[in-house]
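Residue numbers (this note's numbering): 245 to 396.
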């Protein structure tokens, strides 16, 4: 279901909102602990077919540490693009932007109309929630995907 963002019209439940793109990273939610949390949700799973998903670590040092810990492999095996540190989709840098009508589950810290691409819609969430959305292709309560051994 596609939600209507503006106006008083009835809106679907959040868990019914489908997404096209997942962006994990930025200087705000691209810390090593953020990447560890998202990787814990994704380990052994795949993103929904047709979904675009990328991870942009918050710095070169974080990227190197994540690679050393094997987190980059988890993301890549799940179907994510593993990127260099930078702004990327946080503010629609280069080709990293939404097309009109596309929706993104993003871990960046701000949202305003057009920030990730003209006509695109962004839903801000934690790295764990973004990882869950990548698996299901919709906004998802991460607790639905967690095992008893994973911390909330």
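All C-beta atoms in this analysis are idealised placements derived from N, C-alpha and C, irrespective of residue type, glycine included.
Counting C-beta neighbours from all protein chains within 10 Å, is the total for residue 385 16 or more, i.e. buried, or is it exposed?
exposed
In its own chain, which residues sit with a C-beta less than 8 Å from the C-beta of residue 327, not counting the 5 before and 5 after it?
269, 298, 299, 300 and 301
In chain order, what are the residue ranges of uninterrupted alpha helix (DSSP H) at least 4 long that sit wholly in the stretch 272–341?
276–286, 304–312 and 315–322
When you compare each of 266, 314, 274 and 291 to residue 303 by their alpha carbons, which one comes out closest?
274
Assuming residue 370 and residue 272 make a contact with CB atoms under 8 Å, what is their CB distance in whole Å?
At roughly 11 Å, the Cβ-Cβ gap does not stay under 8 Å, so residue 370 and residue 272 are not in contact.
Excluding the 5 residues flanking residue 393 on each side, which residues of the same chain have their C-beta closer than 7 Å to its C-beta?
Annotation note: pLDDT 48 at residue 393 (below 50); position unreliable, coordinate value reported separately. Taken in chain order, the list of residues that qualify is empty.
Environment of residue 257 [buried if 16+ CB atoms lie within 10 Å]:
exposed
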